[in-house]
Amino acid sequence: MNEIIFSLTMVGLCVSLMLILYKHLEAKIMVKIMEYYRGMEDRIYSEVARLKDSLSEQNKKIMMVNRGLKFSLEVQNKILNILLSNRARYRRIGEAGSINHSSDVKISKKDSISRETYPVNLERLNDTEKNVLLFLSKTGGKVGVREIQLHMNKSREHIARLMKKMYEDGYVEREGRGNSYVYWVRDEVKNIIMRDARTS
3 MNEIIFSLTM VGLCVSLMLI LYKHLEAKIM VKIMEYYRGM EDRIYSEVAR LKDSLSEQNK
63 KIMMVNRGLK FSLEVQNKIL NILLSNRARY RRIGEAGSIN HSSDVKISKK DSISRETYPV
123 NLERLNDTEK NVLLFLSKTG GKVGVREIQL HMNKSREHIA RLMKKMYEDG YVEREGRGNS
183 YVYWVRDEVK NIIMRDARTS
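Per our numbering, the sequence shown starts with residue 3, numbered consecutively.
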């Protein structure tokens, strides 16, 4: 009888120990599982954040490329419009170049503008033009735009346009000096201008 009671007691103790060990192992397993899933969650959040940053960078690059393409297209359209608007002018220049080449006429690039020499008629000139011609006549040499500008007290652009017109009308001659010109009065114009200055 005592042996049976002892056996039952030992069985009870074994079962209790097994239950304690099971609970302990179960707790450890649960902790490990929680740590694993927590680590997985952190890695997932980190990967999602990295993907968001990458997508944001890609979007910025795409926007920059789109802006560059838009600007390039606008520039191309402007150039095309300019070429189309000046098409007739370029054709005339090309034809003039062909004519000059075929006839072996050598013309300076800066002086390639065709001009007509009119009879000297002072009534066709305004006061500014007369004053410029008188100044050039009295100077007696080749004068640059800067000197004419200072003498006339006008803007450089105004004097440059004026001298270009007077050259094309045949009142003055010019010669290229670097990026600019020097001007002098034609002899027949000079004689008339000086004679008019003496009589007035």
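The beta carbon of each residue, even a glycine, is placed where N, CA and C say it ideally should be.
- Message: Please report the straight-line C-alpha distance between Glu-54 and Leu-21, rounded to a whole angstrom.
- Response: Here residue 54 corresponds to residue number 52 of the sequence shown, with the count starting at 1. Here residue 21 corresponds to residue number 19 of the sequence shown, with the count starting at 1. Note that residue 54 corresponds to Lys in the displayed sequence, not to Glu. Spanning the two alpha carbons is a distance of roughly 49 Å.
- Query: Between Val-13 and the rest of its own chain, which residues show a CB-CB distance below 7 Å, the 5 nearest in sequence each way excluded?
  - Reply: In the sequence shown, the residue the question calls residue 13 occupies position 11. Around Val-13: no qualifying Cβ.
- Message: Assuming the contact rule is C-beta atoms closer than 8 Å, Val-212 and Arg-188 should be a hit. Round their C-beta distance to whole Å, please.
- Response: Look at the range of the chain in this structure, 3 to 202, and you will see that residue 212 is not part of it.
- Item | Cα-Cα separation, Tyr-62 to Lys-34 | The residue you call residue 62 lines up with position 60 of the sequence shown. The residue you call residue 34 lines up with position 32 of the sequence shown. In the sequence under discussion, the amino acid at residue 62 is Lys, which differs from the Tyr named in the question. For Lys-62 and Lys-34, the distance between alpha carbons rounds to 42 Å.
- Item | Residues sharing a beta bridge with Tyr-183, DSSP | As a position in the sequence shown, residue 183 is number 181, starting the count at 1. The partner list for Tyr-183 (beta bridge, DSSP) reads Gly-178.
- Per DSSP, Gly-146 forms a beta bridge with which residues? As a position in the sequence shown, residue 146 is number 144, starting the count at 1. Answer is Val-184.
- Message: With H, G and I counted as helix, E and B as strand and the rest as coil, what does DSSP make of Gly-172?
- Response: Taking the sequence shown and counting its residues from 1, the one referred to as residue 172 is at position 170. Looking at Gly-172 - three-state DSSP - the assignment turns out to be coil, as it is neither helix nor strand.
- Cβ-Cβ distance between Leu-127 and Leu-138 below 9 Å: Counting from one through the sequence shown, the residue named residue 127 turns up at place 125. Counting from one through the sequence shown, the residue named residue 138 turns up at place 136. Taking 9 Å as the Cβ cut-off, Leu-127 and Leu-138 do not qualify as a contacting pair.
- Expressed to the nearest angstrom, what Euclidean distance is found between the alpha-carbon atoms of Lys-30 and Arg-40? Along the sequence shown, one-based indexing puts residue 30 at 28. Along the sequence shown, one-based indexing puts residue 40 at 38. In a straight line, the C-alpha of Lys-30 is about 15 Å away from that of Arg-40.
- If we ignore side chains and look at the alpha-carbon of each, how far apart do Gly-178 and Ile-195 end up? Within the sequence shown, the letter at position 176 stands for residue 178. Within the sequence shown, the letter at position 193 stands for residue 195. Approximately 25 Å, taken between the alpha carbons.
- Ordered along the chain, which non-local residues of its own chain (more than five positions away) have a Cβ less than 6 Å from that of Gln-151? For this step, residue 151 is matched to residue 149 along the sequence shown. Contacts found: Arg-158, Ile-161.
- Span of the alpha helix (DSSP H), counted from its first residue to its last, around Leu-140: Counting from 1 along the sequence shown, the entry for residue 140 is found at position 138. A small correction: the amino acid at residue 140 is Lys; Leu does not occupy that position in the sequence shown. Taken as a continuous stretch (DSSP letters only), the alpha helix (DSSP H) holding Lys-140 covers 129 to 141.
- Message: Tell me the DSSP secondary structure of Ser-157 in three-state form.
- Response: Locating residue 157 in the sequence shown gives position 155, where the first residue counts as 1. Three-state result, Ser-157: coil.
- Query: Looking at Lys-144 and Tyr-169, is the spacing between their C-beta atoms short of 9 Å?
  - Reply: Reading the sequence shown from its first residue, position 167 is the one you call residue 169. Reading the sequence shown from its first residue, position 142 is the one you call residue 144. No, they are not a contact pair.
- Please name the residue, chosen from Arg-163, Gly-146, Glu-59, that lies closest to Gly-180 on a Cα-to-Cα basis. Working through the sequence shown from its first residue, we reach residue 180 at position 178. With distances taken between Cα atoms, Gly-180 lies closest to Gly-146.
- Which listed residue (Ser-182, Asp-198, Arg-148) has its alpha carbon closest to that of Glu-125: Working through the sequence shown from its first residue, we reach residue 125 at position 123. The option with the nearest alpha carbon to Glu-125 is Asp-198.
- Item | Euclidean distance between Cα positions of Leu-15 and Glu-37 | By one-based count along the sequence shown, residue 15 stands at place 13. By one-based count along the sequence shown, residue 37 stands at place 35. About 33 Å.
- Message: Tell me the rounded alpha-carbon separation between Lys-80 and Met-66.
- Response: Translated into the one-based positions of the sequence shown, residue 80 becomes position 78. Translated into the one-based positions of the sequence shown, residue 66 becomes position 64. Distance between the alpha carbons of Lys-80 and Met-66 is about 21 Å.
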